[in-house]
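I have placed the structure first, in the form of structure tokens, so that the comments after it can refer back to it.
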Amino acid sequence: MSTAIPTLPPTRTVGRTLADSATMLRRNLRHALRYPAMTASSVLVPVIILLLFVGVLGDTLRAGLGTRASGGGYIGYVTPGIVLISVAASCVATSVAVCVDVTGGIVDRFRTMPIARSAVLTGHVLGSVIQTAVSLVLVTAVAVLLGFRPAGNPLRWLGAVGLLLLLAFALTWLAVLIGLSSRNPESASNTPLIIQLLPFVSSAFVPADAMPAGVRWFAEYQPFTELIEATRALLLGTAVGHHVVASVAWCLVIALAGFLGSRAVFGRPRAA
Amino acid sequence: MIRQNPSAPALSVAALRKSFGGRTVLDDVTLDVAAGSVLALLGPNGAGKTTMVRILATLLSPDGGRAQVAGHDVVTEPDGVRAAIGVTGQLSAVDDLLTGRENLVLVADLLHLGRVEGRRRAAELLDRFDLAAAADTRVATWSGGTRRRLDLAMTMVGRPQVVFLDEPTTGLDPRSRRALWAVVRELVAEGTTVLLTTHYLEEADQLADRIAVLDGGRIVAEGTAAELKRLVPGGHLRLRFADAGVLAAAAACFPTAVRDEETLSLRVPGDAGTGVLRAVLDRLEAAAIDVAELSVHTPDLDDVFLALTGTANREVATS
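Chains as they are written, first to last, in the numbering used here: chain C, 1 to 272; chain V, 1001 to 1319.
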């Protein structure tokens, strides 16, 4: 009988990483399908806000907007913002799922197995982006039902979709970092609220120049305003200006920060 | 399952050290575990048992010393170690949102067993760990003992050479505990090497070939259960009497006995052989003394544990 150690399959090949990521993605999508409550809330919250702003406040706000209301009235102005809110709302589900994984024992099991470690996180990120895409479609469908009519051409709409998916990708990495850094699922569900609230202090509902000086300064320079202006311009067929470039830059910065932070936290062993 | 050459230890630890923020958790631990054997790492809470397992399972890196599992160094060849081990920790490492079968298939997929073989292996393990009835229900609804069996089944999907069980039965009821012991015995019968941590002495006694007592980050004793039991004072008979008068009369019959006025009892040294017992009873009958209660105490691992662990006995224990 030989005591030689059998040669082991290499664990860091690209093929293996992809296969393991696909396995993890299947796991996360199965979670989402079996427990649709989290996904449902990231659709319901934006839809309720949409109904509230269009149905209750719409007429008053449109009067305040004057000529900037286009594409079917106030709903044309507010829909791009609502769509972004639905992207931000998906963060909660992601960070809670990641936190449940790392605070329970399952990630320790994965870490002691000869698998591509990055697959645990990429599975979460891909799963979340897919879920966000689904809620984007649903929220947009509700907006169209309520009278939202995008202008411009389909190529620009495709650009808007690409931008939104890029934002979803960036915010998901941030949510993964939050989930990895949270002590328990409760705080993992509370911290992303900051991300969710940011669009409210942007040009999502009213233009930034209608706000008091301090708030206006914040609203003008925060990333969501760029993204909302870019999405709005792409969907309504107005001039995009520097908004698309600034949005892409913001997304890349957020994604990189989230990715590097997550990799550092995930690589660091958790004390017993 | 291939049994390794018994002369090559499946697990070899030399001068292992680890501290967390200045607090020493493992202090110069040296330990070998022969292939196909079971070592119980016994110690009170905070003795460093879990830290030891986490280092061997490549979840933590040591501050000093060397550790090899199945011939692979845990620091320089972690992937080699990971391919050879299975770990069942204190935290339940199962996916609550999936069914039992899906959990096993998930692990099989991550081990690249292939779709057909993965499913076959999952079904086999569900059967073997007595999980078939609950296989297709969500794990979130399962009891603690069943979850722990699934946890162990997931650990076994890849047929590991070395299995780490970190307090596998903590929090389980006696029936579930016994069921898990039976499963562990089967693994051992197939040649799997097991490192088990526990603070249940009965568990170590039941499962382990050798026991290492860990206290304050140091191995304070190592040997078979029988060897460890020889380290502590021998057995005794405990006699309890109805009142202080009878106790005094009995004490006069047994000059070597230790008297306890509070519980009205007498500890007579001696093993549990029938000869000793008969002699004691004869002497009591001759003196016409009635015994309210008699019990026989053989030294058990409890005595060993209490004698060896705790700071008061540290000097004696390490000598």
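Ideal Cβ positions, reconstructed from N, Cα and C, are used throughout, including at glycine.
Between the beta-carbon of Leu1266/V and that of Leu1041/V there is about 37 Å, and that puts the pair past the 8 Å contact cut.
With respect to chain C, the C-beta atom of Leu1165/V has no partner C-beta closer than 8 Å. In terms of CA proximity to Ile228/C, Pro207/C leads the group Pro207/C, Trp217/C, Leu50/C, Arg183/C. Residue-level contact check: Ser1143/V does not touch chain C, since none of the beta carbons of chain C fall below 8 Å from its beta carbon. Taking Arg263/C as reference, the option from Leu121/C, Gly15/C, Leu18/C, Ala97/C with the minimal CA-CA separation is Leu121/C. Among the bridge pairs identified by DSSP, Arg1128/V is matched with none. Residue environment analysis places Val1162/V among the buried positions, since at least 16 neighbouring C-beta atoms fall within 10 angstroms of its C-beta. Ser1092/V is positioned such that its CB atom lies closer than 8 Å to that of Arg1147/V.
Proximity of Ile106/C to chain V, defined by a Cβ-Cβ separation below 8 Å, is satisfied. Going by DSSP, Phe266/C is part of no beta strand (DSSP E) but of the alpha helix (DSSP H) stretching over 243-267. Taking a Cβ-Cβ cut-off of 9 Å, the neighbours of Val1094/V in chain C comprise Gly104, Gly105, Ile106, Arg109, given in sequence order.
Distance from the Cα of Ile1085/V is smallest, within the candidate group Ala1287/V, Pro1044/V, Val1157/V, Leu1126/V, for Val1157/V.
Per the coordinates, the alpha-carbon of Leu1150/V lies some 10 Å from the alpha-carbon of Asp1095/V. Relative to Gln131/C, the option among Leu158/C, Leu155/C, Val161/C, Ala168/C whose CA is nearest is Ala168/C.
By the 16-neighbour rule on beta-carbons within 10 angstroms, Gly15/C is exposed. Taking 8 Å as the CB threshold, Ala19/C lines the interface with chain V. With respect to chain C, the C-beta atom of Gly1089/V has a partner C-beta closer than 8 Å. Per DSSP, His31/C is one residue of the alpha helix (DSSP H) stretching across 14-34. Rounded to whole angstroms, the gap between the alpha carbons of Val1075/V and Gly105/C is 22 Å. Spatial neighbours of Ala1122/V in its own chain (CB-CB distance under 7 Å, excluding positions within 5 residues in sequence) are listed in chain order as Arg1101, Leu1104, Val1105, Ala1108. In summary, Asp1290/V is exposed, with fewer than 16 beta-carbon neighbours lying within 10 Å of its beta-carbon over all protein chains present. Just measuring C-alpha positions, the residue of Ala89/C, Val142/C, Gly159/C sitting nearest Val248/C is Gly159/C. Beta bridge pairing from DSSP links Thr231/C with no other residue. Counting only runs of at least 4 residues, the region 1249-1312 of chain V fully encloses the following alpha helix (DSSP H) elements, listed from N- to C-terminal order: 1274-1286, 1301-1308. Residue range 37-51 is occupied by the alpha helix (DSSP H) that includes Ser42/C.
At least 8 Å separates the CB of Thr1137/V from every CB of chain C. Cβ neighbours of Phe218/C within its own chain (closer than 7 Å, five residues either side excluded): Val201. Closest option to Glu1222/V, judged by alpha-carbon separation, among Ala1252/V, Leu1110/V, Val1038/V: Val1038/V.
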